[in-house]
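Numbering (this note's numbering), first residue to last: 9 to 154. Cβ coordinates follow ideal geometry from the N, Cα and C atoms, glycine included. Worksheet: one structure, shown below.
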Amino acid sequence: MTAVDLYQQLIIEHSKRPHGEGLRDPFAAQAHHVNPTCGDEITLRVALAGDTVEDVSYDALGCSISRASASVLHDLVVGRSLEEVVTVRDAVQHMLTSRGEDEGDEDVLGDAVALAGVAKYPARVKCALLSWSALADALLRAPSPT
Numbered sequence: 009m010t011a012v013d014l015y016q017q018l019i020i021e022h023s024k025r026p027h028g029e030g031l032r033d034p035f036a037a038q039a040h041h042v043n044p045t046c047g048d049e050i051t052l053r054v055a056l057a058g059d060t061v062e063d064v065s066y067d068a069l070g071c072s073i074s075r076a077s078a079s080v081l082h083d084l085v086v087g088r089s090l091e092e093v094v095t096v097r098d099a100v101q102h103m104l105t106s107r108g109e110d111e112g113d114e115d116v117l118g119d120a121v122a123l124a125g126v127a128k129y130p131a132r133v134k135c136a137l138l139s140w141s142a143l144a145d146a147l148l149r150a151p152s153p154t
C-alpha cells in the first residue's frame, strides 16, 4: 500500500467517522462559512479556557474532503494554546495553497498531511480550507483571554 493510498483511507475514515462533530455548549465564539463554489458549509464553535482551545465543535455539510478536514482540525487544535493553533492553521493553509510544493510536516500537521494531495486540485483547496477559515474567524470573534 502506498502513502497516497493510506492518505486516501485516512480522509475517508475521518469523513465517515468525524471527530468533534455536533455543536456543543458552552462556546466562546461561532462562525458559519460557505464555499460558494460547491455549496459546502460549516458552522464551527470554539470553546476557550484562557489561551487554550478547550473544544471545537461543528456541524458540516459537504464533500468528504471538507468533512475530513474539519475532523482533523478538531484533533489538531483541541488542548493546544492559541499560539500553537495559529501555527498549525498557517501550516495547513501554506500546504494547501502550495500547489503541491509543500508536502507538509507530519510533526506539525499530524493527520492533516493526508490533505496535501488536495493542493494539486485548486477547485478542492477551498473545500479543505473551509473549516480552517471558520476556525480563524471564530478565534477573531472570541473574547480575548484575560
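Coil, strand or helix - residue i by DSSP
i      : result
Leu31  : coil
Val86  : coil
Ala55  : strand
Glu111 : coil
Residue i vs residue j beta-carbon contact at 8 Å
i      : j      : result
Arg53  : Arg32  : yes
Ala122 : Thr105 : no
Val61  : Val85  : yes
Ala150 : Ala57  : no
Ala131 : Gln38  : no
Element boundaries [beta strand (DSSP E), containing residue i]
i      : result
Thr105 : Where Thr105 is concerned, there is no enclosing beta strand (DSSP E), given that its DSSP letter is neither H nor E.
Asp63  : 60-69
Ala37  : 37-42
Beta-carbon proximity list for residue i, same chain, < 6 Å, skipping 5 on both sides
i      : result
Glu114 : Val121
Gly108 : Ala127, Lys128
Asp67  : Leu31, Thr51
Gln16  : none
Ser89  : Asp59, Thr60
Proximal residues to residue i (C-beta, below 8 Å), its chain only, five neighbours per side dropped
i      : result
Glu111 : Met103, Val121, Ala124
Ile20  : Ser72, Ala76
Val64  : Gly28, Leu52, Arg53, Val54, Ala55, Leu81, His82, Val85, Val86, Leu143
Leu117 : Leu84, Val96, Ala99, Val100, Met103
Leu18  : Ala76, Asp119, Ala122
Cys135 : Asn43, Cys46, Asp48, Gly70, Cys71, Ile73, Ser74, Ser77, Val126
Val133 : Leu104, Thr105, Val126, Ala127
Glu91  : Asp59
Close-in-space but distant-in-sequence residues of the same chain around residue i (CB under 7 Å, 5 per side omitted)
i      : result
Ala144 : Arg97
Pro26  : Arg75, Ala78, Ser79
Pro34  : Ala55
Start-to-end residues for the alpha helix (DSSP H) that takes in residue i
i      : result
Val116 : 114-117
Val133 : 130-149
Are the stretch 37-46 and the stretch 69-78 in contact at 8 Å, needing three or more beta carbon pairs?
As far as the Cβ criterion goes, the stretch 37-46 touches the stretch 69-78, which means the pair count is three or higher.
Counting Cβ pairs, one atom from each stretch, are 3 or more of them under 8 Å apart for the stretch 127-147 and the stretch 78-94?
Yes, the stretch 127-147 touches the stretch 78-94.
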